[in-house]
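>
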Amino acid sequence: MTRTLRFPAAALALLCAAPPLARADAGDLRDLHLPLLPRTAAEAARIAAVTAPARDFSAPERFEAKPAGAATVRARPTADAFSDPSANIGLEGRMTFNLGNGLFTKAWVSAPSSTKASDGLGPLFNARACQLCHLKDGRGLPPATPDQDAIGLFLRLSVPGGPAPETALIPDWIATDPDPVYGGQLQNFSLAGIPAEGRMRIETTEIPLTFPDGEAIIL
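The sequence shown lines up with residues 2 to 220 when you count with the working numbering.
1) Determine which residues share a DSSP beta bridge with ARG157 and list them.
2) Tell me, which residues are paired with LEU125 by DSSP?
3) Would you kindly work out how many angstroms separate the C-alpha atoms of GLN132 and LEU156, rounded to a whole number?
4) GLY101 to ALA80, Cα distance in whole Å?
5) Can you tell me where the beta strand (DSSP E) with ALA217 in it begins and where it stops?
6) Under three-state DSSP, which class holds VAL74?
7) If you follow the beta strand (DSSP E) that LEU210 is part of, which residue opens it and which one closes it?
8) Ignore the nearest five residues each way along the sequence and tell me which others in SER87's own chain have a CB closer than 6 Å to its CB.
9) Taking the CB atoms as reference points, tell me whether ILE203 and PRO124 lie closer together than 9 Å.
10) Quick one: Cα of GLU216 to Cα of GLU207, how far?
11) Output the boundary residues of the alpha helix (DSSP H) element that contains ARG47.
12) Would you grab the beta carbon distance between SER111 and LEU122 for me? Rounded to a whole angstrom, and I think it's under 8 Å.
13) Work out the CA separation of GLY184 and LEU92 for me, nearest whole Å.
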């Protein structure tokens, strides 16, 4: 079945003569959502004082007492300095935080095991728990000696990759893909009876350096 659409000649002429409104008005568009509401002189002065660059670094600025706002927690001079939740997290949020912290410190074991809630480790892995790499919620440490196994430090692996739409416009971007055999990360631990993917060995060389003011350091 074939249908023929007919338009009045006057209507067709009107459509053809209509100017490209979107293109003609594009130059007049303004970002009306960006300008803020007018501020009083007192508000502007307060904002200027807070955002002004520091002029004296001998003491903390007055606004540095709570750098995270209401989420700021009091500093603890202990090994648990990074283990506190946000100060304004609330009761429900604190419960979620504690549950997550329990998973973070849990030591996983291989299956089958008597503790089914903790099995599932391996066969290849980098650590048995998140806490082993991020001790006390901090940063990992490199091996102290070349023969020590790396726990808080792992080795990323990659091969040259092709362009991706999300990075095509980034200047000088070097695209990479995970290694086709080992993946994106070397697993240097494994379960009993299974060889690990490999082992990372780190050797360092100390280089003494003296600054123009006479201070000596070692890199």
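Each residue gets a CB set at the ideal place from its N, CA and C atoms; glycine is no exception.
A quick look at the data gives this:
1) GLN186
2) SER191
3) 18 Å
4) 19 Å
5) 217-219
6) coil
7) 209-211
8) ALA72
9) no
10) 16 Å
11) 42-52
12) 5 Å
13) 41 Å
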